[in-house]
Amino acid sequence: MTKLLQIARLTTLSGLMILLIGCQSNDTTNNNDDSYQKVAKTSHSGQYVRPIKDGAPWWDVDVSNIPDATPSPHTGTYKKNPYTVLGKTYYPKNSATGYKEVGMASWYGTKFHGQATANGELYDLYGMTAAHKTLPLPSYVKVTNLENNRSVILRVNDRGPFHSDRIIDLSFAAAKKLGYADTGTAKVRVESIDPQQWDNTKSTTVAQQQPQTSVTVTTQSVNDTQVSEYQPPTNQHAMADTSNIQKGLYLQVGAFANPDAAELLKQRLVKVTDVPVFISSVLNGAQQLYRVRLGPLPNQHETFKTQEAIRVANLGQSKLVKQD
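Residue numbering for the sequence shown is -25 to -1, 1 to 299, as defined by mature numbering (1 follows the signal peptide of the UniProt record, and there is no 0).
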């Protein structure tokens, strides 16, 4: 009887162990599938796999030197068609005039850097832009952090955030300027800006600052009154001379609206490769982009070696481009 009881206990224990192993195996498989699906959803054909989670960049730039967006009248059509996300349909406003709201703001960064925004512009985590669910694209807003009273002016060119407790999503640079990049969210006030009124106000301010012309004219020598032509400061982000581009293969590692970010990446790349690294600027619509490129490379073998060196140095995934 005792032996039969022991055998029964062993049989039950073995069955439980097999069941546990089976459950553990299923869990592991599901987790792998989930991870794969998350990566696949944030990837595009021909592009590198983006981070599963959003976050701040590994490099750091003094965002205080990044100017706010400049409101300018829009001459084309506005993007304000209804759209559906996660089963909910949103109806964008016909106009941003008079819009004002207080609520929570978040930010988005590396996961979306370089991807197209809702109105076709490229998202730059160092650009002064924002995403809004219903404002017409593009629009301009003033966003104020109510905790420290810091304000920025942003160009709204994307849709989101699709969280019920948030009213606006800012670029990483904008969030950092407002002082909440580390905390993730902040209570803000969002106010729309009319570009036409902005232009008129700016023109009036400049006119008021013009000095009054004196009625009395004092005769002075030519040497005393000679005015030297204004010389702009030396461009610290000098572009490469592309007038004599050599034939060969070229790689692009990044494209930024902020020249400081492009320059920083260039300096890091110089340390890991002997291939010439340069910054090439291009106008993408109304957005100036600074592209970090390498080349020329003589053949596919050297191109692969350079791409691998960049990857190992954790400087991103480069792509083959045609030099223009």
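Backbone N, C-alpha and C fix where the C-beta goes; we use that ideal spot for every residue, glycine too.
Using three-state DSSP, classify Arg233 as helix, strand or coil.
Numbered from its first residue, the sequence shown carries residue 233 at position 258. The question names Arg, but residue 233 is Asn in the sequence shown. DSSP places Asn233 in coil when its eight states are reduced to three.
Beta-carbon contacts of Leu100 that lie in its chain and below 7 Å, excluding the five residues immediately before and after
The count along the sequence shown starts at 1 and reaches residue 100 at position 125. Taken in chain order, the residues that qualify are Pro32, Gly84, Thr85, His88, Ser146, Phe147, Ala148.
Can you list, in chain order, the residues of its chain whose CB lies under 6 Å from that of Val228, leaving out five sequence neighbours each side?
Here residue 228 refers to the residue found at position 253 of the sequence shown. Within the same chain, Val228 has close Cβ partners Val267, Gly291, Ser293.
Would you mind stating whether Thr119 and Val163 have Cβ atoms separated by less than 8 Å?
In the sequence shown, the residue the question calls residue 119 occupies position 144. In the sequence shown, the residue the question calls residue 163 occupies position 188. Yes, these two residues count as a Cβ contact at 8 Å.
Alpha carbon of Val252 to alpha carbon of Lys280, nearest angstrom:
What you label residue 252 is simply residue 277 of the sequence shown in a count that begins at 1. What you label residue 280 is simply residue 305 of the sequence shown in a count that begins at 1. When rounded, the distance between both Cα atoms is 15 Å.
Taking the beta carbon of Leu129 as the centre, do at least 16 other beta carbons fall within 10 Å, making it buried, or is it exposed?
As a position in the sequence shown, residue 129 is number 154, starting the count at 1. Buried.
In this structure, does DSSP put Phe147 in helix, strand or coil?
The residue given as residue 147 occupies position 172 in the sequence shown. Helix.
Who pairs with Val165 in a beta bridge, going by DSSP?
In the sequence shown, the residue the question calls residue 165 occupies position 190. Paired residues: Glu76, Val118.
Can you tell me where the alpha helix (DSSP H) holding Thr104 begins and where it ends?
Taking the first residue of the sequence shown as 1, we reach residue 104 at position 129. First-last for Thr104: 104 to 106, but that is the beta strand (DSSP E), not the alpha helix (DSSP H).
Close Cβ partners of Tyr74 (< 6 Å) along its chain, the five nearest in sequence each way excluded
Within the sequence shown, residue 74 is the residue found at index 99, counting from 1. So the list reads Ser167, once near-sequence residues are dropped.
Compute the distance between the beta-carbons of Gly270 and Leu239, then report whether it is under 8 Å.
Locating residue 270 in the sequence shown gives position 295, where the first residue counts as 1. Locating residue 239 in the sequence shown gives position 264, where the first residue counts as 1. Result no, Cβ atoms of Gly270 and Leu239 do not sit closer than 8 Å.
Out of curiosity, what's the CA-to-CA distance linking Tyr53 and Leu226?
Locating residue 53 in the sequence shown gives position 78, counting from the first residue. Locating residue 226 in the sequence shown gives position 251, counting from the first residue. Each residue's Cα considered, the two are about 35 Å apart.
With a threshold of 16 other CB atoms inside 10 Å of the CB of Glu96, please say whether the residue is buried or exposed.
Residue numbering aside, residue 96 sits at position 121 when the sequence shown is read from its first letter. Buried.
For Pro67 versus Leu121, is the C-beta spacing smaller than 8 Å?
Along the sequence shown, read from residue 1 onward, the residue named residue 67 stands at position 92. Along the sequence shown, read from residue 1 onward, the residue named residue 121 stands at position 146. The answer is no: Cβ separation not under 8 Å.
Quick one: grab the DSSP three-state call for Lys294.
Taking the first residue of the sequence shown as position 1, residue 294 is located at position 319. Of the three classes helix, strand and coil, the one that applies to Lys294 here is strand, per DSSP.
Within its chain, find whatever has a CB closer than 8 Å to the CB of Pro170; leave out the 5 residues flanking it on each side and keep chain order.
Translated into the one-based positions of the sequence shown, residue 170 becomes position 195. Here the set comprises Pro46, Ser47, Pro48, His49, Tyr115.
Can you say whether Thr278 is buried or exposed, counting buried as having 16 or more other CB atoms within 10 angstroms of its CB?
Taking the sequence shown and counting its residues from 1, the one referred to as residue 278 is at position 303. So Thr278 counts as buried.
Assign Arg243 to one of two classes, buried (16 or more other C-beta atoms within 10 Å of its C-beta) or exposed (fewer than that).
For the purposes of this step, residue 243 is identified with residue 268 of the sequence shown, where counting begins at 1. Per the 10 Å Cβ criterion, buried.
Who are Trp82's beta bridge partners in DSSP?
Indexing the sequence shown from 1 puts residue 82 at position 107. Its beta-bridge partners are Leu145.
Using a 10 Å radius around the Cβ and a threshold of 16 neighbouring Cβ atoms, would you call Asn1 buried or exposed?
Translated into positions along the sequence shown, residue 1 becomes position 26. Residue placement at Asn1 is poorly supported in this model, since its pLDDT is 35, which falls under 50; the coordinates still yield a value, given next. That one is exposed.
Can you say whether Val127 is buried or exposed, counting buried as having 16 or more other CB atoms within 10 angstroms of its CB?
As a first step, residue 127 must be located in the sequence shown, where it is residue number 152. Label assigned to Val127: buried.
DSSP-derived helix/strand/coil call for Thr278
As a working mapping, residue 278 is identified with position 303 in the sequence shown. Correct three-state label for Thr278: helix.
Check each candidate in Asp37, Val165, Met103, Pro273 and name the one with the smallest Cα separation from Asn124.
As a working mapping, residue 124 is identified with position 149 in the sequence shown. Closest by alpha carbon: Val165.
At which residues does the beta strand (DSSP E) containing Pro271 begin and terminate?
Against the sequence shown, residue 271 aligns to sequence position 296. Where Pro271 is concerned, the enclosing beta strand (DSSP E) stretches over 262 to 272.
Using the Cα positions of Lys152 and Thr72, report the straight-line distance between them to the nearest angstrom.
Working through the sequence shown from its first residue, we reach residue 152 at position 177. Working through the sequence shown from its first residue, we reach residue 72 at position 97. Cα-Cα distance, rounded: 25 Å.
C-beta atoms of Ala161 and Ala105 nearer than 8 Å
Along the sequence shown, read from residue 1 onward, the residue named residue 161 stands at position 186. Along the sequence shown, read from residue 1 onward, the residue named residue 105 stands at position 130. Not in contact: Ala161 and Ala105 (Cβ atoms no closer than 8 Å).
Compare the C-alpha of Asp235 against each of Tyr265, Ala261, Gly260 and name the closest.
Counted from its first residue, the sequence shown places residue 235 at position 260. Comparing Cα-Cα distances from Asp235 to each of Tyr265, Ala261, Gly260, the minimum goes to Tyr265.
Looking at the structure shown, is Ala284 part of a helix, part of a strand, or coil, going by DSSP?
Residue 284 sits at position 309 when you count from the first residue of the sequence shown. Reduced to three states, the DSSP call for Ala284 is helix.
Helix, strand or coil for Arg130, going by three-state DSSP, please let me know.
Mapped onto the sequence shown, residue 130 falls at position 155. Strand, per DSSP.
Would you call the CB atoms of Lys246 and Ile254 closer than 8 Å?
Taking the first residue of the sequence shown as 1, we reach residue 246 at position 271. Taking the first residue of the sequence shown as 1, we reach residue 254 at position 279. No, these two residues do not count as a Cβ contact at 8 Å.
Let me know the secondary structure DSSP gives Phe137 once reduced to three states.
Taking the sequence shown and counting its residues from 1, one reaches residue 137 at position 162. It is coil, neither helix nor strand.
Which residues does DSSP list as the beta-bridge partners of Val257?
As a working note, residue 257 is residue 282 in the sequence shown. The partner list for Val257 (beta bridge, DSSP) reads Leu264.
Bridge-paired residues (DSSP) for Tyr58:
Here residue 58 corresponds to residue number 83 of the sequence shown, with the count starting at 1. DSSP output for Tyr58 lists Tyr65 as bridge partner(s).
Once the 5 residues before and after Met103 are set aside, which same chain residues still bring their CB inside 6 Å of it?
On the sequence shown, position 128 is the one that residue 103 refers to. Excluding positions up to five away in sequence, the list reads Asp43, Ala44, Leu129, Ala149.
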